[in-house]
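Counting in my numbering, the sequence shown runs from 6 upward without gaps. The structure appears below as structure tokens.
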Amino acid sequence: MAEKTGISWTNHTFNIVWGCEKVSPACTNCYAETLALRWKFDVWGKTKPRRTFPQKHWNEPLKWEKMAIRDGGQRLVFCSSMCDLFEDHPTVISELVKLWPLIRATPHLTWQLLTKRPERILAHLPSDWGDGYPNVWIGSTIENNTYVSRADHLRAVPAAVRFVSYEPACGPTDKLDMTGLHWVIFGGESGSGFRQHDPQWARDSRDRCRENGVAFFYKQGSSFKSGEDPTLDGVEYKEFPAGHVFLPLPDKVTVKKNVKVTREKQAEQERQDALSVLDGLASNRVALPLAE
Numbered sequence: 006m007a008e009k010t011g012i013s014w015t016n017h018t019f020n021i022v023w024g025c026e027k028v029s030p031a032c033t034n035c036y037a038e039t040l041a042l043r044w045k046f047d048v049w050g051k052t053k054p055r056r057t058f059p060q061k062h063w064n065e066p067l068k069w070e071k072m073a074i075r076d077g078g079q080r081l082v083f084c085s086s087m088c089d090l091f092e093d094h095p096t097v098i099s100e101l102v103k104l105w106p107l108i109r110a111t112p113h114l115t116w117q118l119l120t121k122r123p124e125r126i127l128a129h130l131p132s133d134w135g136d137g138y139p140n141v142w143i144g145s146t147i148e149n150n151t152y153v154s155r156a157d158h159l160r161a162v163p164a165a166v167r168f169v170s171y172e173p174a175c176g177p178t179d180k181l182d183m184t185g186l187h188w189v190i191f192g193g194e195s196g197s198g199f200r201q202h203d204p205q206w207a208r209d210s211r212d213r214c215r216e217n218g219v220a221f222f223y224k225q226g227s228s229f230k231s232g233e234d235p236t237l238d239g240v241e242y243k244e245f246p247a248g249h250v251f252l253p254l255p256d257k258v259t260v261k262k263n264v265k266v267t268r269e270k271q272a273e274q275e276r277q278d279a280l281s282v283l284d285g286l287a288s289n290r291v292a293l294p295l296a297e
């Protein structure tokens, strides 16, 4: 759980558990496993236990909800960065049940749920899911063409937004059917032993997003340090799904600093709007700077 995060496409991270089992090449250099081991939690592998959390942890998003109401906008919550929500593990399954009422209780938080197991989503949604909770985005990691079928399972899920995390990029995804998708996040791998991406993969993904009306967010190139190279050919691409606007103001700043941040956002918005016109992008794909 983090009130602040270095992930550039969200405001907060929340984890229902720590721990997972590796299922594809994207997992090879798993940063979450590295972090867990650093903190002496042996929670990776099918038969290993998962780290769970007390009620205090589960109450944190309720604080973020109050912040969002105070700021007059939506905040983004990535769930989960240290596990896979839909892993076939008894502890994960039982803890997932607790997530749905929390999401319902926080309508000013937009929850970004990401999995490498989209084939398990439908069987584990709450009974009142219907056409999808309006404040939930459902996504799947697709690192190369071998795993583009994950998008087929994703399309079967009713959701306000369906997105693909193309991170770590391990190969081209030119065979990805973008029908029914709203957002693609591209990211090269970071950390020790990172695998180098081909910038052409990102260019192709960007171009296919444009052709299909899908928002494109370029997070970073491959590097030891996360976020080291946030531009593609010198240009920032920080698009979000059409119609979704966020006001992620810092939480602990003075009124004077708030005014300064607001002006910076306006300047950035104007710059992005100009780029959108030049690039032929939809003007309602806003790109506001997110709180760290």
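Beta carbons are placed, not taken as given, at the ideal position from N, Cα and C, and that holds for glycine.
Inset, instruction - Please classify A61: is it buried, with 16 or more other beta-carbons within 10 angstroms of its beta-carbon, or exposed? - result: For the purposes of this step, residue 61 is identified with residue 56 of the sequence shown, where counting begins at 1. Before going on, a small fix: residue 61 reads as Lys here, not Ala. Its Cβ having fewer than 16 others within 10 Å, K61 is exposed.
Legend entry - Own chain residues within Cβ distance below 6 angstroms of A128, not counting five before or after: Indexing the sequence shown from 1 puts residue 128 at position 123. There are no such residues.
Legend entry - Limits of the alpha helix (DSSP H) - the one that K224 falls within: Counting from one through the sequence shown, the residue named residue 224 turns up at place 219. Run containing K224: none in the alpha helix (DSSP H); it sits in the beta strand (DSSP E), 220 to 225.
Inset, instruction - Would you mind stating whether V22 and T52 have Cβ atoms separated by less than 8 angstroms? - result: Working through the sequence shown from its first residue, we reach residue 22 at position 17. Working through the sequence shown from its first residue, we reach residue 52 at position 47. No, Cβ-Cβ distance for V22 and T52 is not below 8 angstroms.
Inset, instruction - Quick one: residues in its chain with C-beta nearer than 8 angstroms to the C-beta of T115, no 5 flanking neighbours on either side, listed in chain order? - result: For this step, residue 115 is matched to residue 110 along the sequence shown. Here T115 has Q79, R80, L81, V82, N140, V141, W142, H249, F251 as same chain residues with Cβ atoms under 8 angstroms from its own Cβ, once five neighbours each way along the sequence are excluded.
Inset, instruction - Evaluate D89 with the Cβ neighbour count: other Cβ atoms within 10 Å of its Cβ, from every protein chain shown; 16 or more gives buried, anything less gives exposed. - result: As a working mapping, residue 89 is identified with position 84 in the sequence shown. Buried.
Legend entry - Per-residue burial, L181 [other beta carbons within 10 Å of its own, 16 or more giving buried]: For this step, residue 181 is matched to residue 176 along the sequence shown. Buried is the call here.
Legend entry - C-alpha gap between V104 and D234, whole angstroms: For the purposes of this step, residue 104 is identified with residue 99 of the sequence shown, where counting begins at 1. For the purposes of this step, residue 234 is identified with residue 229 of the sequence shown, where counting begins at 1. In the sequence as presented, Val is not what sits at residue 104; that position holds Leu. Their backbone Cα atoms lie some 34 angstroms apart in a straight line.
Inset, instruction - Assign W322 to one of three DSSP states: helix, strand, or coil. - result: Past the boundaries of the shown model lies residue 322; the chain is included only from 6 to 297, so the question cannot be answered.
Inset, instruction - Pick helix, strand or coil for C175, following the three-state DSSP scheme. - result: Your numbering for residue 175 matches position 170 in the sequence shown. Three-state result, C175: coil.
Inset, instruction - To the nearest angstrom, report how far apart L119 and W49 are at their CA atoms. - result: Locating residue 119 in the sequence shown gives position 114, counting from the first residue. Locating residue 49 in the sequence shown gives position 44, counting from the first residue. Roughly 18 angstroms separates the two Cα atoms.
Legend entry - Enclosing beta strand (DSSP E) for T115 [first to last residue]: Along the sequence shown, one-based indexing puts residue 115 at 110. Looking at the DSSP string, the run of the beta strand (DSSP E) that includes T115 is 114 to 120.
Inset, instruction - Going by CA-CA distance only, name the one from N34, R43, H17, D47 that's closest to G24. - result: Reading the sequence shown from its first residue, position 19 is the one you call residue 24. The shortest CA-to-CA distance from G24 to any of N34, R43, H17, D47 is the one to D47.
Legend entry - Cα-Cα separation between N20 and N149, rounded to whole angstroms: Start at 1 with the first residue of the sequence shown, and residue 20 comes out as number 15. Start at 1 with the first residue of the sequence shown, and residue 149 comes out as number 144. Going by the C-alpha atoms only, they are around 26 angstroms apart.
Inset, instruction - Closer than 6 angstroms by C-beta to R160: which residues in its own chain qualify, once you throw out the five before and the five after it? Chain order, please. - result: Reading the sequence shown from its first residue, position 155 is the one you call residue 160. Excluding residues within five positions, the ones whose Cβ falls inside 6 angstroms are G185.
Inset, instruction - For S228, collect the residues of the same chain with a Cβ closer than 6 angstroms to its Cβ; drop the 5 residues on either side in sequence, then sort them by chain order. - result: For the purposes of this step, residue 228 is identified with residue 223 of the sequence shown, where counting begins at 1. Closer than 6 angstroms at the Cβ level, and outside the excluded window around S228, lie S195, D234.
Inset, instruction - Find out if the Cβ-Cβ distance for the pair A31, C175 is shorter than 8 angstroms. - result: Counted from its first residue, the sequence shown places residue 31 at position 26. Counted from its first residue, the sequence shown places residue 175 at position 170. Yes, Cβ-Cβ distance for A31 and C175 is below 8 angstroms.
Legend entry - Selected residue, minimal CA-CA separation from P131, among P66, W63, R122, E100: Against the sequence shown, residue 131 aligns to sequence position 126. Nearest in C-alpha terms to P131, of all of P66, W63, R122, E100, is E100.
Inset, instruction - Report all residues from its chain with a CB closer than 7 angstroms to the CB of E124; omit the five preceding and five following residues, and keep chain order. - result: For the purposes of this step, residue 124 is taken as residue 119 along the sequence shown, with counting starting at 1. So the list reads H158, once near-sequence residues are dropped.
Legend entry - Own chain residues within Cβ distance below 6 angstroms of S13, not counting five before or after: Indexing the sequence shown from 1 puts residue 13 at position 8. These residues qualify, in order along the chain: K224.
Legend entry - DSSP three-state assignment for I143, whether helix, strand or coil: Residue mapping note: residue 143 aligns to position 138 of the sequence shown, counting from 1. In this structure, DSSP gives I143 an extended state, which the three-state scheme calls strand.
Inset, instruction - Pull up the distance between the alpha-carbon of I147 and that of I74, whole angstroms please. - result: As a working note, residue 147 is residue 142 in the sequence shown. As a working note, residue 74 is residue 69 in the sequence shown. The straight-line gap from Cα to Cα measures roughly 34 angstroms.
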